[in-house]
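Q:
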Amino acid sequence: MQDGNKVNKKVSLSVNEDDERRLRKISLSSLEKRRMTRRMSRTTFLSTGGSTIVESLPKKPLKLENTYRMAPKMEEKFSTAKAKKALRDVMQSFLEDKTYGRDNANIVKQLSDIIKNEMKEVISDRHKIVCWLVLGEKFCQSLQGGSKCLWDSKTDNYVSETYSNNSLFVNATVYALYCE
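Quick note on my numbering: the sequence shown kicks off at 25 and runs consecutively.
1) If you count every other CB in all the chains shown that lies within 10 Å of the CB of Ala196, and 16 or more means buried, which is it?
2) Could you spell out where the alpha helix (DSSP H) holding Asn130 opens and where it closes?
3) Looking at Ile147: is its Cβ nearer than 8 Å to the Cβ of Ala107?
4) Given a cut-off of 8 Å on the beta-carbon distance, is the pair Val198 and Val183 in contact?
5) Alpha carbon to alpha carbon, how far is Pro85 from Met60? Give it in angstroms, no decimals.
6) My output table needs one value for Ser171: the three-state DSSP class, helix, strand or coil.
7) Grouping DSSP H, G and I as helix and E and B as strand, with all else coil, what is Glu120?
8) In its own chain, which residues sit with a C-beta less than 6 Å from the C-beta of Arg112, not counting the 5 before and 5 after it?
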């Protein structure tokens with residue numbers, strides 16, 4: 025009989041240990057949630073340096089209504105002269121000390137990001153910018169490239185510029201598409 029009681033005690037102990045582990049897990053997760061809610065309530069309801077409660081709450085993004093403008097305003101039109109000058113300046117400053125290498129994909133990505141950022145200053149916010157770059161080794165060869173676009177010729181336009189130094193050439197084309 026005593027041997028049977030020992031077995032029952034071991035079984036009950038193992039069941040109790042499993043229950044305790046589960047309770048610990050549950051209690052830890054509930055504590056973490058409580059801590060999280062307390063942190064959130066502290067940041068949203070306590071005064072922060074004289075600001076009001078409304079100012080400390082996270083702001084919802086504004087949802088603007090459509091303007092239904094089908095054409096850009098006169099000052100928003102794409103200026104090819106300004107864009108071409110900006111494109112030429114960016115390419116000259118970025119590529120003057122670069123040399124061609126097989127692993128130059130990162131140069132093209134960096135240059136396209138710089139060109140897009142520069143074009144955002146020249147082009148209005150309603151234009152979407154597409155930047156297409158071709159990088160190659162300057163080695164007595166020729167290259168022809170073309171593109172076709174479906175667009176409104178009154179509002180959409182493009183600028184293209186080629187830069188070359190002793191070891192490489194880059195052809196950059198920037199498309200500005202008016203977004204209604």
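Each residue gets a CB set at the ideal place from its N, CA and C atoms; glycine is no exception.
A: So, from the listed chains and residues:
1) As a working mapping, residue 196 is identified with position 172 in the sequence shown. Buried.
2) As a working mapping, residue 130 is identified with position 106 in the sequence shown. Its alpha helix (DSSP H) spans residues Ala129 to Val146.
3) The residue labelled residue 147 in the question sits at position 123 within the sequence shown. The residue labelled residue 107 in the question sits at position 83 within the sequence shown. Remark: C-beta atoms of Ile147 and Ala107 approach each other more closely than 8 Å.
4) Here residue 198 refers to the residue found at position 174 of the sequence shown. Here residue 183 refers to the residue found at position 159 of the sequence shown. At a Cβ-Cβ threshold of 8 Å, Val198 and Val183 count as neighbours.
5) On the sequence shown, residue 60 is found 36 positions in, with the first residue counted as 1. On the sequence shown, residue 85 is found 61 positions in, with the first residue counted as 1. Confidence is the limiting factor: at Met60 the pLDDT is only 49, short of 50, which leaves the residue's position unreliable and the question unanswerable from this model.
6) Within the sequence shown, the letter at position 147 stands for residue 171. Ser171 falls in the coil class under three-state DSSP.
7) One-based indexing of the sequence shown puts residue 120 at position 96. Glu120 sits in coil when the DSSP states are folded into three classes, being neither helix nor strand.
8) Looking up residue 112 in the sequence shown gives position 88. These residues qualify, in order along the chain: Glu185.
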